[in-house]
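Here the structure is laid out as structure tokens; the discussion comes afterwards.
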Amino acid sequence: MRRRLSDWQRYWVTFETILTKEIMRFSRIWVQTILPSVITTTLYFVIFGRLIGERIGTMDGFAYLDFIVPGLVLMGVITNSYANVVSSFYSSKFSRYIEELLISPAPNWVILAGYVSGGAARGLVVGTAVMLVALLFTEIQIHSALVTLLICIMTAVLFSLGGFINAIYANSFDDISIVPTFVLTPLTYLGGVFYSIALLPDFWQKVSLANPLLYMVNAFRYGLLGVSDIPIGVAFGMIMLFIVVLTAFSLQLLRRGVGVKT
Amino acid sequence: MFALDVQQLAKVYKGGFQALKGVDLQVDEGDFFALLGPNGAGKSTFIGIVSSLVRKTSGRVQVFGQDLDEDPEGVKSSIGLVPQEFNFNLFLPVLEVVLNQAGYYGIPRREAKVRAERSLRQLDLWDRRGTEMRKLSGGLKRRLMIARALVHEPRLLILDEPTAGVDIEIRRSMWSFLRELNAKGTTIILTTHYLEEAESLCRNIAIISEGAIAERTSVAKLLGQLRTETFVLNLKGSVSELPELGGFVLQHLDDCTLEVEMKRDHTINGLFEALSRNGIEVISLRNKQNRLERLFLELVDQRAANLEGRA
Ligand SMILES: Nc1ncnc2c1ncn2[C@@H]1O[C@H](COP(=O)(O)OP(=O)(O)O)[C@@H](O)[C@H]1O
Ligand SMILES: [Mg+2]
Numbered sequence: 076m077r078r079r080l081s082d083w084q085r086y087w088v089t090f091e092t093i094l095t096k097e098i099m100r101f102s103r104i105w106v107q108t109i110l111p112s113v114i115t116t117t118l119y120f121v122i123f124g125r126l127i128g129e130r131i132g133t134m135d136g137f138a139y140l141d142f143i144v145p146g147l148v149l150m151g152v153i154t155n156s157y158a159n160v161v162s163s164f165y166s167s168k169f170s171r172y173i174e175e176l177l178i179s180p181a182p183n184w185v186i187l188a189g190y191v192s193g194g195a196a197r198g199l200v201v202g203t204a205v206m207l208v209a210l211l212f213t214e215i216q217i218h219s220a221l222v223t224l225l226i227c228i229m230t231a232v233l234f235s236l237g238g239f240i241n242a243i244y245a246n247s248f249d250d251i252s253i254v255p256t257f258v259l260t261p262l263t264y265l266g267g268v269f270y271s272i273a274l275l276p277d278f279w280q281k282v283s284l285a286n287p288l289l290y291m292v293n294a295f296r297y298g299l300l301g302v303s304d305i306p307i308g309v310a311f312g313m314i315m316l317f318i319v320v321l322t323a324f325s326l327q328l329l330r331r332g333v334g335v336k337t
Numbered sequence: 014m015f016a017l018d019v020q021q022l023a024k025v026y027k028g029g030f031q032a033l034k035g036v037d038l039q040v041d042e043g044d045f046f047a048l049l050g051p052n053g054a055g056k057s058t059f060i061g062i063v064s065s066l067v068r069k070t071s072g073r074v075q076v077f078g079q080d081l082d083e084d085p086e087g088v089k090s091s092i093g094l095v096p097q098e099f100n101f102n103l104f105l106p107v108l109e110v111v112l113n114q115a116g117y118y119g120i121p122r123r124e125a126k127v128r129a130e131r132s133l134r135q136l137d138l139w140d141r142r143g144t145e146m147r148k149l150s151g152g153l154k155r156r157l158m159i160a161r162a163l164v165h166e167p168r169l170l171i172l173d174e175p176t177a178g179v180d181i182e183i184r185r186s187m188w189s190f191l192r193e194l195n196a197k198g199t200t201i202i203l204t205t206h207y208l209e210e211a212e213s214l215c216r217n218i219a220i221i222s223e224g225a226i227a228e229r230t231s232v233a234k235l236l237g238q239l240r241t242e243t244f245v246l247n248l249k250g251s252v253s254e255l256p257e258l259g260g261f262v263l264q265h266l267d268d269c270t271l272e273v274e275m276k277r278d279h280t281i282n283g284l285f286e287a288l289s290r291n292g293i294e295v296i297s298l299r300n301k302q303n304r305l306e307r308l309f310l311e312l313v314d315q316r317a318a319n320l321e322g323r324a
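Residue numbers (my numbering), protein chains in the order written: chain A, 76 to 337; chain B, 14 to 324.
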């Protein structure tokens, strides 16, 4: 029992060390890690919200500007969680300092938890920053703080896991930008950030339902505004399922040493 | 107890290359042990498996009685590793590198700070604690790898070619540091392809060549053997009983052939006098190169090649 207790203390210290290191990393280079998303979304607010939005009128009963806020916040969360883990973990492979962790007695799940929490932390920081910017442009009343926060955290965790898996398989710095550019960004844009899928023809509505991003954007919109194209329970279930699957897969990759051990 | 007990260790890399071919090796607790071998012999592969950086294909590894497969955390906690190649986050300051490593081993921050300071002071790096890694010279980076490896006070320190590319002065100070550490009880294993390094530091030695242990002995014995020359003598007539030749070690190959080992202080004249006294006539003699000598010629050749490459 005593040994167990001290094991857990040791794991906690390791987790804390990785998380702190990750937070320090993105804070130290905040101009590259935090600022870009804030600037981009501010531009979205100005252009789509203010300039064009006034002409669009309402969507699902909300001013267009209000309608796109949840999607834009979540987009910041997604891109930044993913980017943080993929670039940090890949760098540690590239410069070999991942070996510092591999030779240490840190269990794989602690390593994974540390990196994923680091990515989630950056996602949440950016999400909060974008939200604050949004509040300069709109007067949103948060519908359900709990749902908002939960979805935000779960999405951040999920995409941190995605970034981790991407980093494991990556063999060059090019490999870490392929998925964000060719998969993540299109799926986010098509995930109903800028429109309600109710506007789409039947067929494309069905296709949209295959996009996991749609569930997150809508659940998050429900949290903030109280409207969603998707039943909220389904959205939670989907995200949870993805988290479980990707966690199991990441641990499996670590156990087999894929991409990190020869 | 053995600090390291390795049985039938084999490694086949992806692509099919067999880097280790069933290595058996035991290192006593408290030993200062050299793993000597030419480039490509499998030293780093061996060390990599023991320190969990490389996955073994088969075989068993035990460190202070703990099995790598059954208790990897226990094994990892007992080992400090100084790898062959730099593996730093170049954007971190020196102190943080050591603190992080301590954290990975589960040492709480406050304790980690005390230990990091001690480690860095031991290796004369405390004044550089704020310097970013990328601004450190190669020699200082090598020393920092040692400081980092010691922060969790491992019982077994493994160094993979620790003095490669380090100038004489730093090399000497590293040597005396390692000697002191070993005297205080840390078991040390180092790989090298300099015999001088093994000679000056280590008590026991294994020579590895093409993925297999070619020799496992004490450094003193090895040097003795290297300083011995073996001659094969063809005799006129046969000798059934080996004569007593003060100091020379004789061996029968067959009735008409003898093998004699000569130490450095022996002379050929002395040998022939002794043989004549015993009525043995020699028709011809040839120098026999032993296996060890061949191995060492290989090492020497390689060093020459390395030096040329650097010039
Ligand atoms: N990742 C790898 N994939 C394939 N072959 C490898 C790999 N790493 C090392 N080798 C090969 O294994 C052999 C032993 O290498 P290594 O253990 O590094 O030798 P040493 O450290 O004694 O110089 C070499 O022939 C090397 O080319
Ligand atoms: Mg090597």
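We put the CB at the ideal spot given by N, CA and C, even for glycine.
Which of the three DSSP states, helix, strand or coil, is assigned to ARG161 (chain B)?
-> In the structure shown, ARG161 (chain B) sits in a helix (DSSP, three-state: H, G or I).
Okay, do the stretch 116-123 of chain B and the stretch 143-163 of chain B touch, 3+ Cβ pairs below 8 Å being the bar?
-> Below 8 Å, too few C-beta pairs join the stretch 116-123 of chain B and the stretch 143-163 of chain B to call them touching: fewer than three.
Measure the C-alpha to C-alpha separation of ASP289 (chain B) and ALA219 (chain B) and round it to an integer number of angstroms.
-> The amino acid at residue 289 (chain B) is misidentified as Asp; the sequence shows Ser. Distance between the alpha carbons of SER289 (chain B) and ALA219 (chain B): 40 Å.
Could you tell me which of B:ARG134, B:VAL67, B:VAL95, B:PRO175 sits nearest to LEU214 (chain B), measuring between CA atoms?
-> Minimum Cα distance to LEU214 (chain B) is reached at B:PRO175.
Rounded C-alpha distance that separates LEU328 (chain A) from TYR139 (chain A) = Approximately 43 Å, taken between the alpha carbons.
Beta-carbon separation (whole angstroms), VAL144 (chain A) vs ALA209 (chain A), contact threshold 8 Å | That pair is a contact at about 5 Å.
Figure out for me which residue from A:LEU300, A:PRO111, A:ILE240 has the closest Cα to the Cα of GLY198 (chain A).
-> Of A:LEU300, A:PRO111, A:ILE240, the residue nearest in Cα terms is A:PRO111.
Could you name the residues of the same chain whose beta carbon sits closer than 7 Å to that of GLY78 (chain B), not counting the 5 residues immediately before and after it, in chain order?
-> Answer for GLY78 (chain B): MET14, listed in chain order.
For THR205 (chain B), I'd like the list of residues in its chain whose CB is within less than 7 Å of its CB, leaving aside the five on either flank, ordered along the chain.
-> Within the same chain, THR205 (chain B) has close Cβ partners ALA47, LEU49, GLU174, ALA211.
Listing by chain order, which chain B residues have their CB less than 7 Å from the CB of TYR190 (chain A)?
-> At a C-beta separation below 7 Å, TYR190 (chain A) has no neighbours in chain B, since its nearest C-beta there lies roughly 13 Å away.
In the stretch 83-106 of chain B, which residues sit with their C-beta less than 9 Å from some C-beta in chain A, listed in chain order?
-> Listed by position along the chain: PRO85, GLU86, GLY87, VAL88, LYS89, SER90, ILE92, GLY93, LEU94, PRO96, GLU98, PHE99, ASN100, PHE101, ASN102, LEU103, PHE104, LEU105.
Could you list which residues in chain B have their beta carbon closer than 9 Å to that of LYS96 (chain A), in chain order?
-> In chain order: ASN102, LEU105, GLU109, ASN113, GLY116.
So which of B:MET158, B:GLU86, B:ASP84 has the shortest CA-CA distance to VAL107 (chain B)?
-> Residue B:MET158 holds the alpha-carbon nearest to the alpha-carbon of VAL107 (chain B) among B:MET158, B:GLU86, B:ASP84.
For chain B, is any of its Cβ atoms less than 9 Å away from the one on GLN84 (chain A)?
-> Yes, contact with chain B.
Report all residues from its chain with a CB closer than 8 Å to the CB of VAL262 (chain B); omit the five preceding and five following residues, and keep chain order.
-> Annotation for VAL262 (chain B): VAL273, GLU274 place their beta carbon closer than 8 Å to its own, counting only its chain and skipping 5 residues before and after.
For ligand 3, any of its heavy atoms closer than 8 Å to the Cβ of GLU174 (chain B)?
-> Ligands in the displayed structure: ligand 1 and ligand 2; ligand 3 is not one of them.
Taking only runs that begin and end inside the stretch 45-125 of chain B, name each unbroken alpha helix (DSSP H) of 4 or more residues, in chain order.
-> The qualifying runs are 56-63, 85-91, 107-117.
C-alpha distance - ASP18 (chain B) paired with ILE221 (chain B), whole-angstrom precision | Going by the C-alpha atoms only, they are around 16 Å apart.
Any chain A beta carbon closer than 9 Å to ILE120 (chain B) | Taking Cβ atoms only, chain A reaches closer than 9 Å to ILE120 (chain B), which makes this a yes.
Contacts around SER235 (chain A), its chain only, beta-carbon distance under 6 Å, and the 5 residues preceding and following it disregarded | Same-chain partners within the cutoff: SER156, VAL160, VAL191, GLY194, ALA195.
Is the number of C-beta pairs between the stretch 213-230 of chain A and the stretch 312-319 of chain A that are closer than 8 Å three or more?
-> In short, these stretches touch, since the Cβ pair count reaches three.
Any heavy atom of ligand 1 closer than 8 Å to the CB of ASN52 (chain B)?
-> Result yes, Cβ under 8 Å from ligand 1.
Would you verify that the beta carbon of PRO180 (chain A) is, or is not, closer than 9 Å to some beta carbon of chain B?
-> PRO180 (chain A) counts as touching chain B.
Would you kindly work out how many angstroms separate the C-alpha atoms of ARG103 (chain A) and GLU97 (chain A), rounded to a whole number?
-> If you draw a straight line from the Cα of ARG103 (chain A) to the Cα of GLU97 (chain A), it is about 10 Å long.
From the beta carbon of VAL88 (chain A), is the nearest beta carbon of chain B less than 9 Å away?
-> Residue contact with chain B for VAL88 (chain A): present (Cβ-Cβ distance below 9 Å to some residue of chain B).
Tell me, please, whether the CB atom of LEU176 (chain A) is closer than 9 Å to any CB atom in chain B?
-> Yes, its Cβ sits closer than 9 Å to a Cβ of chain B.
Closest by CA to ILE201 (chain B), which one among B:SER91, B:VAL74, B:VAL67?
-> Looking at the Cα atoms, B:SER91 is the closest of the given residues.
How many whole angstroms separate the CB atoms of LEU94 (chain B) and ALA162 (chain B), which I take to be in contact at a CB cut-off of 8 Å?
-> Sure, about 6 Å apart at Cβ, within 8 Å.
Starting from THR116 (chain A) and walking both ways along the beta strand (DSSP E), at which residues does that stretch end?
-> For THR116 (chain A), there is no enclosing beta strand (DSSP E); the enclosing alpha helix (DSSP H) covers residues 110-119.
Given a cut-off of 9 Å, decide if ILE215 (chain A) and LEU147 (chain A) are closer than it, judged by their beta-carbon atoms.
-> In this structure, ILE215 (chain A) does not lie closer than 9 Å to LEU147 (chain A) by Cβ.
Could you tell me the distance, in whole angstroms, from the CA atom of ASP37 (chain B) to the CA atom of ALA196 (chain B)?
-> If you take the alpha carbons of ASP37 (chain B) and ALA196 (chain B), they lie about 26 Å apart.
Below 7 Å between beta carbons is the criterion; list the residues of the stretch 49-69 of chain B that meet it against any residue of chain A, in chain order.
-> Answer in chain order: SER64, SER65, LEU66, VAL67, ARG68.
May I ask which residues mark the beginning and end of the beta strand (DSSP E) holding ASP41 (chain B)?
-> Start and end: 31-41.
With ASN217 (chain B) as the anchor, note down where its beta strand (DSSP E) starts and where it stops.
-> Here the beta strand (DSSP E) through ASN217 (chain B) covers 217-222.
Looking at PHE30 (chain B) and ligand 1, is the gap between the Cβ and the nearest heavy atom below 8 Å?
-> It does: the Cβ of PHE30 (chain B) is within 8 Å (strictly closer) of some heavy atom of ligand 1.
With respect to 8 Å, is the separation between the Cβ of TYR207 (chain B) and the closest non-hydrogen atom of ligand 1 below this value?
-> TYR207 (chain B) Cβ: outside cutoff for every heavy atom of ligand 1.
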